[in-house]
Amino acid sequence: MSNTIRRYDIDWLRVIAIGLLLIYHITIVFQPWGVFIGFIQSDEPLKFLWIPMSMLNVWRIPLLFFVSGMGVCFAIKKRNWKQLITERAKRILLPFLFGIVFIVPIHILIWQIYYNQDLSFSLNRSHLWFLGNIFLYVILLSPIFFYLKRTETSLISKKIKKLFGNPLGFLIIIASFVIETFIVKPDSFEMYAMTIHGFVLGLLAFLFGFILIYSEACFWNSVLKWRWILLIVGALLFSVRLFYYDLIAPNYLKAIESCFWIFTVFGFGYKYLNHSSKTLSYLSEAAYPIYIIHMIFLYLGSYLILPLSISTFAKFVLIILFTGIGCFALYELLIKRIKFLRPLFGLKLK
1 MSNTIRRYDI DWLRVIAIGL LLIYHITIVF QPWGVFIGFI QSDEPLKFLW IPMSMLNVWR
61 IPLLFFVSGM GVCFAIKKRN WKQLITERAK RILLPFLFGI VFIVPIHILI WQIYYNQDLS
121 FSLNRSHLWF LGNIFLYVIL LSPIFFYLKR TETSLISKKI KKLFGNPLGF LIIIASFVIE
181 TFIVKPDSFE MYAMTIHGFV LGLLAFLFGF ILIYSEACFW NSVLKWRWIL LIVGALLFSV
241 RLFYYDLIAP NYLKAIESCF WIFTVFGFGY KYLNHSSKTL SYLSEAAYPI YIIHMIFLYL
301 GSYLILPLSI STFAKFVLII LFTGIGCFAL YELLIKRIKF LRPLFGLKLK
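According to UniProt numbering, the stretch in the sequence shown is residues 1 to 350, in order.
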């Protein structure tokens, strides 16, 4: 495929999205319903934190699916379908299976101890559900991806690039997200984890992510040009959801808002983040293992910090620091340096 230019903004967006995921998960600890979805819960909630998290929640996971699809578009430029599946099995399926058996049970055990439950070993995808979905998308969509690769100079390729270089391309993505909500009828748009809605929405975002890189500069010039308008529309839609619906808006409205935030992020990222740096090189490698292990330190931090006699907001800050420092320490001291551990956490062997 012709477009081989490295897109550093895509790498940055992946790193930022994973960072936001960590903060989002920590915020759940301080919501009055956290324990009902398997988190250790603070006795004193910080409900105001949910307003910014609710804004993020409609687009942060779809953004990761978009970015993952984009990564596949770059990957197939130098790979055939067998090489792609093999490489993705090593980088995604292996950490997914390893995590289910050896990582997730640790934070479940911490939860059981905190709530004086009977200790038991259980297999659960937990936050790693995302990896399972991504691997299935690669399998399901590879025929389409490699067809587009083979026919890059064909009429269909030209039409795709033209379509996603004008506002109609935006409308197709938005319409697909909206139609999905009417067909699948999720209880809430933000219920991505281990749901049919999350799988279908992720499949759409993954496919569109591939297409947006495949379309080369066409789409990106559009989001760059319209980024401020996209931001204003996204902010207006969130304002309607916050003040008119008290955040409980119809799913189709959340789907539209999700798309505008994602387009906004793409536009500003393309403008300001498309450059290399040592920081990006480090974080780009560290982000994946940290995503895999972060729940251990989040739960351990909650276990140790929540009983302290300090303000609730101080607990929130301390759990963020504990989780971040713990994750980076484990990554630096063990995961990064021990050869046999690297592939278990999605890293290449050195």
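C-beta atoms are modelled at their ideal positions from N, C-alpha and C, and glycine is treated no differently.
Cut-off 8 Å between Cβ atoms - residues of its own chain near residue i, not counting five sequence neighbours on either side
i              : result
lysine 162     : Cys218
isoleucine 85  : Val138, Ile139, Ser142
arginine 342   : Ile335, Lys336, Lys348, Leu349, Lys350
isoleucine 92  : Leu131, Ile134, Phe135, Val138, Gly346
isoleucine 290 : Ile18, Leu22, Cys327, Phe328, Tyr331
leucine 230    : Val223, Phe260, Phe263, Thr264, Gly267
methionine 180 : Before going on, a small fix: residue 180 reads as glutamate here, not methionine. Closer than 8 Å at Cβ, skipping near neighbours: His197, Val200, Leu201, Leu204, Ala255.
Buried/exposed call for residue i, threshold 16 Cβ in 10 Å
i                 : result
threonine 264     : buried
proline 95        : buried
leucine 148       : buried
alanine 287       : buried
arginine 150      : exposed
leucine 49        : buried
leucine 237       : buried
isoleucine 293    : buried
arginine 6        : exposed
leucine 13        : buried
phenylalanine 36  : exposed
phenylalanine 102 : exposed
isoleucine 156    : exposed
isoleucine 26     : buried
isoleucine 160    : buried
Residue i versus residue j: straight-line alpha-carbon distance, rounded
i                 : j                 : result
residue 367       : isoleucine 213    : Missing from the structure shown is residue 367; the chain here goes from 1 to 350 and no further.
proline 143       : serine 126        : 29 Å
serine 122        : valine 72         : 32 Å
leucine 253       : glycine 69        : 24 Å
tryptophan 81     : phenylalanine 206 : 17 Å
tyrosine 115      : isoleucine 51     : 28 Å
alanine 17        : tyrosine 282      : 16 Å
arginine 241      : serine 311        : 30 Å
phenylalanine 146 : glutamate 190     : 31 Å
leucine 247       : isoleucine 196    : 23 Å
isoleucine 110    : leucine 224       : 45 Å
valine 233        : lysine 77         : 35 Å
leucine 204       : proline 250       : 20 Å
proline 105       : glutamate 216     : 42 Å
glycine 169       : tyrosine 192      : 24 Å
isoleucine 243    : leucine 64        : Note that residue 243 corresponds to phenylalanine in the displayed sequence, not to isoleucine. In a straight line, the C-alpha of phenylalanine 243 is about 28 Å away from that of leucine 64.
isoleucine 100    : tryptophan 129    : 9 Å
arginine 79       : isoleucine 61     : 27 Å
serine 54         : isoleucine 325    : 26 Å
glutamate 152     : phenylalanine 210 : 13 Å
glutamate 44      : aspartate 187     : 27 Å
phenylalanine 164 : tryptophan 228    : 19 Å
6 Å CB neighbourhood of residue i in its chain, flanking five on each side removed
i                : result
isoleucine 28    : Gly34, Phe39
histidine 107    : Met295, Ile296, Tyr299
residue 376      : Examination of residue 376 is not possible in this model, given that the chain is present from 1 through 350 alone.
isoleucine 183   : none
phenylalanine 98 : Leu344
Whole-angstrom C-beta distance between residue j and residue i, which should lie under 8 Å
i                 : j                 : result
leucine 46        : phenylalanine 316 : 6 Å
phenylalanine 208 : phenylalanine 74  : About 15 Å separates the two Cβ atoms, so there is no contact after all.
tryptophan 59     : serine 258        : 5 Å
Close Cβ partners of residue i (< 7 Å) along its chain, the five nearest in sequence each way excluded
i              : result
tyrosine 8     : Leu273, Asn274, His275, Ser276, Leu280
leucine 56     : Leu20, Tyr24
serine 302     : Val29, Ile40, Ile319
serine 42      : Val29, Phe30, Leu306, Thr312, Lys315
aspartate 11   : Leu280, Ser284
isoleucine 256 : Ile174, Val178, Leu237
serine 176     : Leu204
leucine 308    : Lys315
Residue i Cβ short of 7 Å to the ligand SAM heavy atom set
i          : result
lysine 271 : You won't find the ligand SAM in this model; it holds no ligand whatsoever.
(request) May I have a chain-ordered list of the alpha helix (DSSP H) segments no shorter than 4 residues that lie completely inside the segment 107-150? (result) Runs of the alpha helix (DSSP H) lying entirely within the segment 107-150 and spanning at least 4 residues, in chain order: 129-150.
(request) Please list the segments of the alpha helix (DSSP H) lying wholly inside the segment 27-76, counting only runs of 4 or more residues, in order along the chain. (result) 50-57, 60-75
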